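Remarks on the structure that follows.
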Amino acid sequence: MPLVKVNLLKGRSDEEKESIAASIQTALISTLKVPDADRYQVFNEYDGESFRHTSGYLGMTYTDQLLIIE
-9 MPLVKVNLLK GRSDEEKESI AASIQTALIS TLKVPDADRY QVFNEYDGES
41 FRHTSGYLGM TYTDQLLIIE
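If you're matching positions, the sequence shown starts at -9 in our numbering and goes up one per residue.
Below, the structure is given as structure tokens:
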């Protein structure tokens, strides 16, 4: 039973969050052979003051669409 925590800025639509959730579940199924019905995901939404990140690192550029997945 993997528990997935998704940390993100407030403001994503329900459709966007469902797409993120489905993508994560698909990855878990294909890589770890997690059963399809074994889905435990928590979305933690933060305001801009509580979700801080650098603008880039190791040649990658980050935007406010950044997700931190645990």
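For each residue, glycine too, the CB sits at the ideal point set by N, CA and C.
Remember, it's a predicted structure, so these values are computed and weren't measured experimentally.
Assigned secondary structure, residue i (DSSP; H/G/I helix, E/B strand, else coil)
| i | result |
| --- | --- |
| L22 | helix |
| E39 | coil |
| Q31 | strand |
Per-residue burial, residue i [other beta carbons within 10 Å of its own, 16 or more giving buried]
| i | result |
| --- | --- |
| L22 | exposed |
| L(-7) | exposed |
| L57 | exposed |
Residue i: first and last residue of the uninterrupted beta strand (DSSP E) it sits in
| i | result |
| --- | --- |
| L(-7) | -7 to -1 |
Cβ-Cβ distance between residue i and residue j below 8 Å
| i | j | result |
| --- | --- | --- |
| E35 | K(-5) | no |
Should the stretch 12 to 31 be called in touch with the stretch 45 to 55, which here means at least 3 C-beta pairs below 8 Å? The answer is no - the stretch 45 to 55 does not touch the stretch 12 to 31, with fewer than three Cβ pairs under 8 Å.
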